[in-house]
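What follows is a short report on a single structure.
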């Protein structure tokens, strides 16, 4: 037992803590990864550039991150709750529905991204053909007014299946006698959903909201496939990647600094949010 625990901790330290600490160290340098290029300790310069407005893209990255996180968290959980309500049964149709909803997660980010790029191809994609019937034409992922909306949509489409299964688990954990008692008291479907089902789903809501928030903050690979961070979709995660690896003038030091700030922002948001949701659970469930 102890040997397995120590082995697990060693693996986590090697592939988790060491790269994390290395990233923090690099953020205080001008490291570019170019052959034979000298590396200098520049202190807080990368961080000062971020917050002084001298480094391009940071302010826009913050705005894009806020929009992306809010859109994904609200949309994903609302859709997942609706799907869970419809697919929580034990019949064959519900089982097939759960399989189809979960399928996008198994496809992988690259496959999902390329699939939706083909669907929203502005030249001959199905979306262009359908919307063209109503006189709507766009570059979609290449348009400032469409790109972020579509990226949020694809993120939700890929991950809503997992949130749906969490909600289904929460729904099945609710004692059926509670619904029977409410039915005898003449409680309507909407009131039952609002006053009984949703409050008793508090643990599932906590899990899904936290997973959606942290997942949206750290997402960059799907955005990379869909837009490469262009057209208003360059979140802080995408900015860190583009600065560090997206050009021949790579600045790994600044990219590392952006990722450190993103990590801190994620903690600042996630920890109080988790505390608030846990408090809500205790208030609703006693």
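Numbering (this note's numbering), first residue to last: 101 to 386.
The beta-carbon is built from N, C-alpha and C at its ideal position, and this holds for glycine as well.
All values derive from a computational prediction rather than experimental measurement.
N-terminal and C-terminal residue of the alpha helix (DSSP H) that residue i is part of
i           : result
residue 102 : 102-112
residue 277 : 276-284
residue 141 : No alpha helix (DSSP H) contains residue 141, which DSSP labels as neither H nor E.
residue 194 : 192-207
Nearest-angstrom Cβ-Cβ length linking residue i and residue j, presumed shorter than 8 Å
i           : j           : result
residue 198 : residue 265 : 7 Å
residue 180 : residue 263 : 3 Å
residue 314 : residue 340 : Incorrect: roughly 16 Å between the Cβ atoms, too far for contact.
residue 335 : residue 161 : 6 Å
residue 209 : residue 321 : 5 Å
residue 316 : residue 202 : Wrong, their Cβ atoms sit about 19 Å apart, outside the cutoff.
residue 172 : residue 258 : Rounded, the Cβ-Cβ distance is 10 Å, inconsistent with contact.
residue 356 : residue 123 : 5 Å
residue 145 : residue 352 : Between residue 352 and residue 145 the Cβ distance is about 14 Å, and since that is not below 8 Å, they are no contact.
residue 241 : residue 327 : 5 Å
residue 184 : residue 271 : 6 Å
DSSP-derived helix/strand/coil call for residue i
i           : result
residue 327 : coil
residue 335 : coil
residue 129 : strand
residue 356 : helix
residue 119 : helix
residue 350 : coil
residue 321 : helix
residue 308 : helix
residue 189 : coil
residue 134 : coil
Nearest candidate by alpha-carbon position, reference residue i, set the options
i           : options               : result
residue 126 : 373, 140 and 201      : 140
residue 261 : 136, 152, 178 and 133 : 178
residue 337 : 174, 165, 128 and 303 : 165
residue 332 : 250, 113 and 221      : 250
residue 302 : 269, 236, 209 and 158 : 269
residue 361 : 148, 137, 112 and 115 : 148
residue 299 : 288, 254 and 274      : 274
residue 220 : 290, 188 and 247      : 247
residue 309 : 214, 128 and 369      : 369
residue 380 : 182, 307, 311 and 189 : 307
residue 344 : 378, 129 and 232      : 129
residue 175 : 253, 295 and 324      : 253
Contiguous beta strand (DSSP E) assignments of at least 3 residues, all confined to the stretch 150-186 | none
Any beta strand (DSSP E) of 3 or more consecutive residues that is wholly inside the stretch 218-305 = Here no run is fully enclosed.
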